[in-house]
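Structure, as structure tokens:
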Amino acid sequence: MSRQVRMRAAVSYDESLVIGEARDFTGAFLDRAVVRGVAVAGMKRQNALLVVSELVTNAVRHAPGPCTAALDLQDGLLEIAVSDTSGRPPQPQSFEPERIGQHGLEIVLALCTKVDTEITDRGKTVRAHILVL
Numbered sequence: 031m032s033r034q035v036r037m038r039a040a041v042s043y044d045e046s047l048v049i050g051e052a053r054d055f056t057g058a059f060l061d062r063a064v065v066r067g068v069a070v071a072g073m074k075r076q077n078a079l080l081v082v083s084e085l086v087t088n089a090v091r092h093a094p095g096p097c098t099a100a101l102d103l104q105d106g107l108l109e110i111a112v113s114d115t116s117g118r119p120p121q122p123q124s125f126e127p128e129r130i131g132q133h134g135l136e137i138v139l140a141l142c143t144k145v146d147t148e149i150t151d152r153g154k155t156v157r158a159h160i161l162v163l
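The sequence shown: position 1 = 31 (this note's numbering), numbered continuously.
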């Protein structure tokens, strides 16, 4: 049985090679959730790590400057919010099975229950919601 727990954490990166660090940050966050009684499913955990990787990769690749990853877990729903300095929202590519690469947003859209983008005066925040129970 899973306990009803609310957890939040955030981390900022100034470097460009942070994808692994963001995955580790998310993995440690989910480990703490398990210790607090949240039943995080193994495959859902892997999906959450993949979503973080894709969102942070996009931030690093398409925006100059720092990025921030924020996690908010409540009632089995994990919100992954990645902020960067670009005011340009991510654009899904049209379906091309022969295309190599540029499938990150497609993956995020397929794994998440909701994905939205908020444009701010400092750039944007992409929020992806994924069930982890």
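Cβ coordinates follow ideal geometry from the N, Cα and C atoms, glycine included.
Residue ranges of uninterrupted beta strand (DSSP E) with 3 or more members, entirely inside the stretch 52-105 and ordered along the chain, are 97-104.
It is roughly 6 Å from the alpha-carbon of T143 to the alpha-carbon of I160.
Bridge partners of L141 according to DSSP: none are assigned. Inclusion of V82 and T56 in the CB contact set at 8 Å is warranted, their separation being smaller than that value. Listed in chain order, the non-local C-beta contacts of G117 below 7 Å within the same chain comprise I149, G153 and K154, local neighbours out to five positions each way being set aside. Residues of the same chain with a CB within less than 6 Å of the CB of A100, apart from the 5 flanking positions on each side, are A40 and A111 in chain order.
Under the three-state reduction of DSSP, G153 is assigned to strand. Taking all protein chains in view, the Cβ of S124 is surrounded by fewer than 16 other Cβ atoms within 10 Å, so the residue is classified as exposed. Counting C-beta atoms within 10 angstroms of its own C-beta, D114 has 16 or more neighbours from the protein chains shown and is therefore classed as buried.
The residues E84, T87 and N88, in chain order, have a CB closer than 7 Å to that of G134 in the same chain once the five nearest residues on each side in sequence are set aside. In this structure, the beta-carbon distance from S42 to P96 falls below 8 Å. In this structure, DSSP gives L161 an extended state, which the three-state scheme calls strand.
Beta-carbon to beta-carbon, L60 and A78 are separated by about 7 Å, close enough to satisfy the 8 Å threshold.
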